[in-house]
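**Q** So in the UniProt record's numbering, spot 85 of the sequence shown is number 85, and the numbers just go up one at a time.
Heads up, the beta-carbon is just placed ideally off N, CA and C, and yes, glycines get one too.
These numbers were taken from a predicted model, which means no experiment stands behind them.
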Amino acid sequence: LTTNSTETVYALWNTTACSDSSLASNGTGIGKYYSGEGPGNAFDRNTNTKYTNSGACASMLVAFRLATANSYPQRDPLMITIEGSNSNSTELTRGSSWTLLYNGSSGISTTQTRLTYGSTQWLPTNSTWYASYRFLVNLAMNNGVSIPTIQYSEVELFGY
Numbered sequence: 001l002t003t004n005s006t007e008t009v010y011a012l013w014n015t016t017a018c019s020d021s022s023l024a025s026n027g028t029g030i031g032k033y034y035s036g037e038g039p040g041n042a043f044d045r046n047t048n049t050k051y052t053n054s055g056a057c058a059s060m061l062v063a064f065r066l067a068t069a070n071s072y073p074q075r076d077p078l079m080i081t082i083e084g085s086n087s088n089s090t091e092l093t094r095g096s097s098w099t100l101l102y103n104g105s106s107g108i109s110t111t112q113t114r115l116t117y118g119s120t121q122w123l124p125t126n127s128t129w130y131a132s133y134r135f136l137v138n139l140a141m142n143n144g145v146s147i148p149t150i151q152y153s154e155v156e157l158f159g160y
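(1) Buried or exposed, going by whether 16 or more other CB atoms sit within 10 Å of the CB of Asp20?
(2) Spatial neighbours of Trp122 within its chain, please: C-beta separation below 8 Å, excluding the five flanking residues on both sides.
(3) Are the Cβ atoms of Pro77 and Ile30 separated by less than 8 Å?
(4) What does a CB cutoff of less than 8 Å around Leu1 pick up in its chain, not counting 5 residues either side in sequence?
(5) Can you tell me whether DSSP reads Asn48 as helix, strand or coil?
(6) Among residues of its own chain, excluding the 5 on either side of Glu156, which ones have a beta-carbon nearer than 6 Å to its beta-carbon?
(7) Alpha carbon to alpha carbon, how far is Gln32 from Ala131?
Take a look at the structure:
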């Protein structure tokens, strides 16, 4: 346990449990943390500071929610799919590298207020950690009538 803000906190990246890791350092890019936003900030008992790091690692997605944009409710996503993959970046353009995790409602209702979040949607069967996720909108509120345009202001992904 850290007991005061004078203790040294080391940032690590490129690691999994019981495996080797690399030390993160100040800078930008993968394996770095922003200047003034180092790991000690996470333990300084000050909610006005933060720790930010950059790195790629697997996560297990368990839920998501979307927020509407500022205009045109007919452009809101109605149905979506989410897929996960552990393939390398050169293989992510291939459909065969993805596993379907969710196919259903976006959580945005047909009467959703502008600039608000829809209901949280849960992925009841996902227990796999993936390095990449693919989010696809399959149907808008307008059901493809007129301009096939999609809009949303935010996507929140919840997981481990």
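**A** With the given structure in hand:
(1) Here the question's residue 20 lines up with position 20 in the sequence shown. Counting Cβ neighbours within 10 Å, Asp20 comes out exposed, since fewer than 16 surround it.
(2) Taking the first residue of the sequence shown as position 1, residue 122 is located at position 122. Closer than 8 Å at Cβ, skipping near neighbours: Val62, Ala63.
(3) Numbered from 1 along the sequence shown, position 77 holds the residue referred to as residue 77. Numbered from 1 along the sequence shown, position 30 holds the residue referred to as residue 30. No.
(4) Your numbering for residue 1 matches position 1 in the sequence shown. Because Leu1 sits at a pLDDT of 47, beneath the cut-off of 50, its placement in the model cannot be relied upon, and the following sentence gives the value as read from the coordinates. The answer is none, since no qualifying residue turns up.
(5) In the sequence shown, residue 48 corresponds to position 48, counting from 1. Asn48: coil per DSSP, three-state reduction.
(6) Position 156 of the sequence shown, counting from 1, holds the residue named residue 156. Cβ neighbours of Glu156 beyond the five flanking positions: Arg65.
(7) As a first step, residue 32 must be located in the sequence shown, where it is residue number 32. As a first step, residue 131 must be located in the sequence shown, where it is residue number 131. The sequence given here has Lys at residue 32, not Gln. Lys32 and Ala131: Cα-Cα distance of roughly 18 Å.
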